[in-house]
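*Asks:* Just so you know, we're using the numbering used here here: the sequence shown kicks off at 454 and counts up by one.
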Amino acid sequence: LLTMMSGKPSANNNENSDQGELLLSTLQKWVSPKTYRWLEIADREAEELRKEIEEDGGGFGLFESAEDKEEKENAINGRIKRWKTSLVDINGIFPDDKCSGGSEDDNGTERGEGGGEQDIDIVYILSDVLAGFGNVVWSSSRFVANALANPDRCREMLGPLMSHIDDSHHPLLGLSVVELGAGAGIPSWTAMCCGSKVVSTDQAASDRIRCMAECIERNWRNLSTKYNGGEGGSLESDNEGKSNDIVSILRYASKAKACPHDWGTQVDEVVQSLNSNGDERFDLVVAADCCYMPWLHYELLDSIALLLSGRGVALICFALHGNTDDDDVWKIVDRAKEKGFHVEQLDSQQLAPPNNDMDKKQGLVHTLRL
């Protein structure tokens, strides 16, 4: 309701704008039929509310100052954000005066320090939903995205899973990846661009899932443009002259899905997003900055256990945010062992925290491999 009153860009009026929300029908292929029906209801309710506000004379818009309107317009114009992984600085370590995992150039593009021709350039959208703090690109998300994007670092991170993977191409190519509590979904879209079969999940908030589906569509368009030479290229287009890896990247990326999932609940819709029969599980489970609520550790671990394949690997990356006792956050280790997981603690890495006013430890990323 507050989102609509604050003037969120309407899909009907902004489909042709680079920043405008895409029509829901454009996103249908990236969600399950069940989720699509749910999003349709949410869109319909939002549109009814918008019309009701207009009929009442514009609602809160009557009281907006010129500064408020300018701020709103700037927010709409900056809706689509870009982020570039760094394959040079593979650990994502940046000077303390650089926030958001690097610096933002004049176009609002987040860039890692260094860069290179093989960097993975993705787009993301921050939902207006504040619940779960998924409206922030956290250091753990940036760290794991950078690590997964770099083939050598990715092989190190995947550890035991690598014994089953051909090392002649990027290790993520063809793997199934699910992200829990994805928020902006930086690791999800990075894995997608590396050729993984990705299911990106977050709590059942319609606006957040809609934004995630739109991220898939926009990143798919970028991949299609990059490899097919045209927006929204078809897999049926002529593949002559393309490397096998490029053909595979497009094929696997086209299978991406956004899916609501509350930790500790049934995973049927999540696994059916990977395979309609629901008889497959994931090679890699990613949970970036999902440990700050210790009272949900068991639910998080339950979801990991239900989603992870027998030979799969889970990466739990997190920082300590001071919202609760640090020792309580670290209890995730013992709780994972209670659930029967083998737990390895990988090297911690210091990144800049998301904002300058945050403690440095909020950028110190710890990684557990299950």
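Backbone N, C-alpha and C define an ideal beta-carbon position, used for all residues, glycine too.
#1: With DSSP collapsed to three states, give me the class of Ala-709.
#2: Would Leu-480 pass as a contact of Ala-666 if the rule is Cβ separation under 7 Å?
#3: What did DSSP end up calling Tyr-745 once you bin it into helix, strand or coil?
#4: Give a yes or no on whether the C-beta atoms belonging to Val-630 and Ser-616 are separated by under 7 Å.
#5: Give me the DSSP bridge partner(s) of Cys-664.
#6: Can you tell me the Cα-Cα spacing of Gln-472 and Gly-638, whole angstroms?
#7: Do the CB positions of Ser-726 and Ser-485 come within less than 7 Å of each other?
#8: Cβ atoms of Val-796 and Leu-759: under 7 Å apart, would you say?
#9: Under the DSSP definition of a beta bridge, which residues are partnered with Cys-770?
#10: Check each candidate in Val-724, Leu-768, Leu-754, Thr-718 and name the one with the smallest Cα separation from Val-739.
#11: Between Leu-492 and Arg-663, what straight-line distance do the alpha-carbon atoms span, to the nearest angstrom?
#12: Measure how close the beta-carbons of Ala-772 and Asp-742 come, nearest whole angstrom, since I'm counting them as under 8 Å.
#13: Determine the contact status of Asn-672 and Val-597, defining contact as a CB-CB distance below 7 Å.
#14: Alpha carbon to alpha carbon, what distance is there between His-622 and Ile-543?
#15: Mind checking Lys-710: buried by the 16 CB within 10 Å criterion, or exposed?
#16: Between the Cα of Arg-608 and the Cα atoms of Leu-823, Glu-632, Lys-792, Leu-625, which residue gives the shortest distance?
#17: Mark Arg-497 as exposed unless 16 or more other C-beta atoms lie within 10 angstroms of its C-beta, in which case mark it buried.
#18: Report the rounded CA-to-CA distance for Cys-647 versus Val-700, giving the unit in angstroms.
#19: Quick check on Glu-632: does DSSP put it in helix, strand or coil?
*Replies:* A quick look at the data gives this:
#1: DSSP, read as helix, strand or coil, puts Ala-709 in coil.
#2: A Cβ-Cβ contact shorter than 7 Å links Leu-480 with Ala-666.
#3: Residue state, collapsed to three classes: coil.
#4: No, these two residues do not count as a Cβ contact at 7 Å.
#5: Looking at the DSSP assignment, Cys-664 forms no beta bridge with any residue, so it has no partner.
#6: 18 Å
#7: yes
#8: no
#9: Ala-741, Thr-820
#10: Answer by Cα proximity: Leu-768.
#11: 7 Å
#12: 6 Å
#13: no
#14: Confidence in Ile-543 is poor, its pLDDT being 39 and thus under 50, which makes the residue's placement unreliable; the coordinate value appears in the next sentence. Using only the alpha carbons, I get a separation of about 18 Å.
#15: By the neighbour-count definition (other C-beta atoms within 10 Å, threshold 16), Lys-710 is a buried residue.
#16: Leu-625
#17: Looking at its Cβ environment, which holds fewer than 16 other Cβ atoms inside 10 Å, Arg-497 is exposed.
#18: Cα atoms of Cys-647 and Val-700: separation of roughly 12 Å, rounded to the nearest angstrom.
#19: Residue state, collapsed to three classes: strand.
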